[in-house]
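Sequences listed follow chains A and B, in order. Heads up: the first sequence runs through residues 8 to 286, numbered per the numbering used here. Heads up: the second sequence runs through residues 8 to 286, numbered per the numbering used here. Note that CB positions come from ideal geometry on N, CA and C, so glycine has one too.
There are 2 protein chains.
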Amino acid sequence: MKLVIAKSSGFCFGVKRAMDMALDAAKKYPKPLYTLGPLIHNPQAVEFIDQLGIKVRDRIGQISKGTVIFRSHGVSLDDFRMAREKRLLILDATCPIVKRAQVQAKYLHRHGYSVLIVGDAEHPEVEAIRSYLGKDVAVVDDARAVNQLGPWKKLGVIAQTTQSQSLFKEVIACSMEKAKEVRVFNTICQATTIRQREAIEIARKVDCMVVVGGYNSGNTQRLAAICKEIQPHTHQIETSRELNLRWFSRKEKVGLTAGASTPHWIIQEVESEIRGLKG
Amino acid sequence: MKLVIAKSSGFCFGVKRAMDMALDAAKKYPKPLYTLGPLIHNPQAVEFIDQLGIKVRDRIGQISKGTVIFRSHGVSLDDFRMAREKRLLILDATCPIVKRAQVQAKYLHRHGYSVLIVGDAEHPEVEAIRSYLGKDVAVVDDARAVNQLGPWKKLGVIAQTTQSQSLFKEVIACSMEKAKEVRVFNTICQATTIRQREAIEIARKVDCMVVVGGYNSGNTQRLAAICKEIQPHTHQIETSRELNLRWFSRKEKVGLTAGASTPHWIIQEVESEIRGLKG
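Rendered as structure tokens:
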């Protein structure tokens, strides 16, 4: 059995940066230390920083002193204001690419555009972006949903940074006919696009595909969904413990990729486990 | 045999306006009277105004005095300047919708966007728009052509006013991945979209489709092409003389539409000719 590992698997720049900031904060910043929501969408990585004394709190109301680390997905306007009112020390680990998407969405809003966000309305990144935009904003995760919206004079469109380019394109195409002007900032993270493209290439060549990453990780879920469309024998797992021997019986080539928030050590465990099965 | 006539066939607002301006000029404006290129893309209508004393000249160099009427498709920056230098009386019959496309293209150019025009590079409307934009401009009439272009930091996209929405959408979708920002002004004329939609609906229901309009008329050609994709028995004609009895043998339902520059009297002739065949 041959194992094909995606070069682009694992921590992206924004996740690595957030983890480094947290590790640094554990040493140097005033305690108690908190993240507002999980720092990144990987339970094992979150558990690791929890052991360094950084605790997850879901709401800013649960934090009264010390340091708050803003998660890689960004924070809402309300949370930002409350953190300042409470005079907490703020360490902003928002991914710079997410930050840019926030800035561009605000720019569109300030310049009179109705804003359309292509993404998952429940995802904290989208919730945070949306919080800066007032009421004239909609979120869609399906091109058909556009039929229920508009018409618009000036429509601004951005995407959740980990969305697929193909959905983004479809939504733009559908909104075109319903707007006089459409202004699009392509906020999709390049690393996401490269990772998805490489996963597609690998999925086309293998008999079985393993995608490693948090079940709460949007980009990992999409990676798995994209692979499954091409190779039905695609399995998402969080850790090597979930590997199932039967998946690999009579398979000649197995592909392996991982989401942007999946730590290297987990990918390596999965890799050696699969290689072990071979012998 | 039943004849289904498109409600949207014939002169659009911009063509009617240009024709009215020419008829008015024939009475009131200083002679000699010229149009720079054909006023509209219909040889019979052009012949009609020729008989009122309005002559077609292809280049501004061929006109030394009197009145020049700018055609409905607009004029290039050079022609506009030369007409002013020659102190000709200018009557601008540029369609206001084409004018708006020019203004929006210039706006994009002035604000640092590379401009992409979706249209026919040889069409006078596109040639005119392009003349105002300097060098950072490209024209495509096929979405695949976008693969050869870019990448862009800021891309502005407009369309020739009589283009099909579907090509426009395809081009936008293809350019999305190659640009950080895409700003689209939907310059396609509403009348064109409505006419194309109605033609599609009729073509789906009939056994044979007749499209009336100038062979040099871009919007008529596209109308015929769109109908032909749905109903292979589609025929474009300029006048009733070209009707062929054999087209209608054993046909129960015939559809009839016409381009935006096709005079009412020509459509009526075609209509009565087809109805005559029936008896």
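(message) So M183 (chain A) contacts chain B; which residues on that side make the cut at Cβ distance below 8 Å?
(response) For this step, residue 183 (chain A) is matched to residue 176 along the first sequence. Near M183 (chain A) (Cβ distances below 8 Å), the residues of chain B are Q172, F175, K176, I179, V191 and N193.
(message) Between which two residues does the beta strand (DSSP E) holding V163 (chain A) run?
(response) In the first sequence, counting from the first residue as 1, residue 163 (chain A) sits at position 156. One detail in the question is off: residue 163 (chain A) reads as Gly in this sequence, not Val. Note, G163 (chain A): beta strand (DSSP E), W159 to A166.
(message) Residues of chain A with CB closer than 8 Å to the CB of E188 (chain B), please, in chain order.
(response) Within the second sequence, the letter at position 181 stands for residue 188 (chain B). Chain A residues near E188 (chain B): R190, V191, F192 and N193.
(message) Can you give me the C-alpha to C-alpha distance between I273 (chain A) and V191 (chain B), rounded to a whole angstrom?
(response) Here residue 273 (chain A) refers to the residue found at position 266 of the first sequence. Here residue 191 (chain B) refers to the residue found at position 184 of the second sequence. About 44 Å.
(message) Alpha carbons only, please: which of A:P270, A:G262, A:V277 and A:N154 is nearest the one belonging to M8 (chain A)?
(response) To locate residue 8 (chain A), count along the first sequence from 1; it is residue 1. Checked all of A:P270, A:G262, A:V277 and A:N154; the closest Cα to M8 (chain A) is A:G262.
(request) Please report how far the alpha carbon of I244 (chain B) lies from the alpha carbon of A206 (chain A), in whole angstroms. (result) Counted from its first residue, the second sequence places residue 244 (chain B) at position 237. Counted from its first residue, the first sequence places residue 206 (chain A) at position 199. Spanning the two alpha carbons is a distance of roughly 52 Å.
(request) Within the same chain, show all residues whose beta-carbon is closer than 6 Å to that of Y41 (chain A), passing over the 5 residues directly before and after it, in chain order. (result) Sequence index remark: in the first sequence, residue 41 (chain A) carries index 34 (1-based). Same-chain partners within the cutoff: K62, R64, I70 and V75.
(message) Quick check on Y36 (chain A): does DSSP put it in helix, strand or coil?
(response) On the first sequence, position 29 is the one that residue 36 (chain A) refers to. Y36 (chain A): coil per DSSP, three-state reduction.
(request) To the nearest angstrom, report how far apart R248 (chain B) and H271 (chain B) are at their CA atoms. (result) By one-based count along the second sequence, residue 248 (chain B) stands at place 241. By one-based count along the second sequence, residue 271 (chain B) stands at place 264. Looking at the two C-alpha atoms, the distance is approximately 16 Å.
(request) Write down the C-beta distance between R78 (chain B) and G126 (chain B) rounded to the nearest angstrom, noting that I regard them as a contact closer than 8 Å. (result) Residue numbering aside, residue 78 (chain B) sits at position 71 when the second sequence is read from its first letter. Residue numbering aside, residue 126 (chain B) sits at position 119 when the second sequence is read from its first letter. Rounded, the Cβ-Cβ distance is 16 Å, inconsistent with contact.
(message) Determine, for T200 (chain B), whether the minimum Cβ-Cβ distance to residues of chain A falls below 9 Å.
(response) One-based indexing of the second sequence puts residue 200 (chain B) at position 193. Yes - at least one Cβ of chain A is within 9 Å of the one on T200 (chain B).
(message) So, with DSSP's three-state summary, where would you put F192 (chain A)?
(response) As a working note, residue 192 (chain A) is residue 185 in the first sequence. Strand.
(request) Tell me, please, which residues DSSP counts as bridged to T227 (chain A). (result) Within the first sequence, residue 227 (chain A) is the residue found at index 220, counting from 1. In DSSP, T227 (chain A) forms no bridge with anything.
(message) On the DSSP bridge list, what partners appear for C215 (chain A)?
(response) Walking along the first sequence from the start, residue 215 (chain A) turns up at place 208. Bridge partners of C215 (chain A): A:V261.
(request) Label G221 (chain A) either buried or exposed according to how many other C-beta atoms from any shown protein chain fall within 10 Å of its C-beta, with 16 as the threshold for buried. (result) Taking the first sequence and counting its residues from 1, one reaches residue 221 (chain A) at position 214. Looking at its Cβ environment, which holds 16 or more other Cβ atoms inside 10 Å, G221 (chain A) is buried.
(message) Given this structure, state the Cα-to-Cα distance separating K176 (chain B) from V105 (chain B), to the nearest angstrom.
(response) Taking the second sequence and counting its residues from 1, the one referred to as residue 176 (chain B) is at position 169. Taking the second sequence and counting its residues from 1, the one referred to as residue 105 (chain B) is at position 98. Distance between the alpha carbons of K176 (chain B) and V105 (chain B) is about 19 Å.
(message) Between the alpha carbons of Q197 (chain A) and E92 (chain A), how many angstroms are there, rounded?
(response) Residue numbering aside, residue 197 (chain A) sits at position 190 when the first sequence is read from its first letter. Residue numbering aside, residue 92 (chain A) sits at position 85 when the first sequence is read from its first letter. C-alpha separation (whole angstroms): 36 Å.
(request) Just mark G286 (chain B) as buried or exposed, buried being the case when its beta carbon has 16 or more other beta carbons within 10 Å. (result) Sequence index remark: in the second sequence, residue 286 (chain B) carries index 279 (1-based). Since pLDDT at G286 (chain B) reaches only 43, below the 50 mark, its modelled position is unreliable, and the value read off the structure follows with that caveat. When all chains shown are included, G286 (chain B) counts as exposed.
(message) So that I know if they touch, is there some Cβ in chain A lying closer than 9 Å to that of G286 (chain B)?
(response) The count along the second sequence starts at 1 and reaches residue 286 (chain B) at position 279. Summary for G286 (chain B): the model assigns pLDDT 43, below 50, so the residue's position carries little reliability, and this model does not support an answer.
(message) Helix, strand or coil for K176 (chain A)? Go by DSSP, reduced to three states.
(response) For the purposes of this step, residue 176 (chain A) is taken as residue 169 along the first sequence, with counting starting at 1. Note: K176 (chain A) maps to helix in three-state DSSP.
(request) Kindly give me the distance between the Cβ atoms of A112 (chain B) and G157 (chain B), rounded to whole angstroms, as I take these residues to be in contact under 8 Å. (result) Along the second sequence, one-based indexing puts residue 112 (chain B) at 105. Along the second sequence, one-based indexing puts residue 157 (chain B) at 150. Actually they do not touch by this definition, with Cβ atoms about 18 Å apart.
(request) Over the uninterrupted beta strand (DSSP E) stretch that includes S121 (chain B), give me the two end residues. (result) Here residue 121 (chain B) refers to the residue found at position 114 when the second sequence is read from its first residue. First-last of the beta strand (DSSP E) with S121 (chain B): S121 to V125.
(message) By alpha-carbon positions, which one of A:V218, A:I56 and A:R88 ends up nearest to A135 (chain A)?
(response) The count along the first sequence starts at 1 and reaches residue 135 (chain A) at position 128. Of the listed residues, the one whose Cα sits closest to A135 (chain A) is A:R88.
(message) Let me check one thing: in DSSP terms, what residues is G242 (chain B) bridge-paired to?
(response) Numbered from its first residue, the second sequence carries residue 242 (chain B) at position 235. The sequence shown places His at residue 242 (chain B), rather than the Gly named in the question. H242 (chain B) is bridged to B:V217.
(request) Tell me, to the nearest whole angstrom, how far the beta carbon of E188 (chain B) is from that of L162 (chain B); I am working on the premise that it is less than 8 Å. (result) Residue 188 (chain B) sits at position 181 when you count from the first residue of the second sequence. Residue 162 (chain B) sits at position 155 when you count from the first residue of the second sequence. Indeed they touch by this definition, with Cβ atoms about 7 Å apart.
(request) In the DSSP assignment, find the alpha helix (DSSP H) that holds S87 (chain A) and state where it starts and stops. (result) Sequence index remark: in the first sequence, residue 87 (chain A) carries index 80 (1-based). With the sequence shown as reference, residue 87 (chain A) is identified as Phe, and Ser is not the correct amino acid for it. Element bounds for F87 (chain A): L84 to E92.
(message) In whole angstroms, give me the CA-to-CA distance for C144 (chain B) and T264 (chain A).
(response) Start at 1 with the first residue of the second sequence, and residue 144 (chain B) comes out as number 137. Start at 1 with the first residue of the first sequence, and residue 264 (chain A) comes out as number 257. Residue identity differs from the one stated: residue 144 (chain B) is Val in this sequence, not Cys. Roughly 40 Å separates the two Cα atoms.
(request) Indicate the three-state DSSP secondary structure (helix, strand or coil) for E184 (chain B) in the structure shown. (result) Taking the first residue of the second sequence as 1, we reach residue 184 (chain B) at position 177. Note: E184 (chain B) maps to coil in three-state DSSP.
(message) What does DSSP give as the partner residue(s) for T74 (chain B) in the beta ladder?
(response) By 1-based counting over the second sequence, the position of residue 74 (chain B) is 67. Per DSSP, B:L40 and B:L96.
(request) Look up L10 (chain B) in the DSSP assignment and give the residues it is bridged to. (result) Here the question's residue 10 (chain B) lines up with position 3 in the second sequence. In DSSP, L10 (chain B) forms a bridge with B:V261.
(request) Rounded to whole angstroms, what's the CA-CA distance from I237 (chain A) to A210 (chain A)? Just pull it up for me. (result) For the purposes of this step, residue 237 (chain A) is identified with residue 230 of the first sequence, where counting begins at 1. For the purposes of this step, residue 210 (chain A) is identified with residue 203 of the first sequence, where counting begins at 1. When rounded, the distance between both Cα atoms is 6 Å.
(message) Judging by CA-CA distance, which residue of B:L140, B:E278 and B:Y120 is the nearest neighbour of S83 (chain B)?
(response) By one-based count along the second sequence, residue 83 (chain B) stands at place 76. S83 (chain B) has its Cα closest to that of B:L140, out of B:L140, B:E278 and B:Y120.
(message) I want to see whether chain E comes within less than 9 Å of G73 (chain A), judged by CB atoms only; does it?
(response) Among the protein chains in the structure shown, which are A and B, there is no chain E.
(message) Let me check understanding here. Comparing Cα to Cα, which of A:D31, A:N49, A:K160 and A:P50 lies closest to L59 (chain A)?
(response) As a first step, residue 59 (chain A) must be located in the first sequence, where it is residue number 52. Comparing Cα positions, the closest option is A:D31.
(message) Measuring only the C-alpha atoms, how far is R107 (chain A) from S138 (chain A)?
(response) Against the first sequence, residue 107 (chain A) aligns to sequence position 100. Against the first sequence, residue 138 (chain A) aligns to sequence position 131. Cα-Cα distance, rounded: 15 Å.
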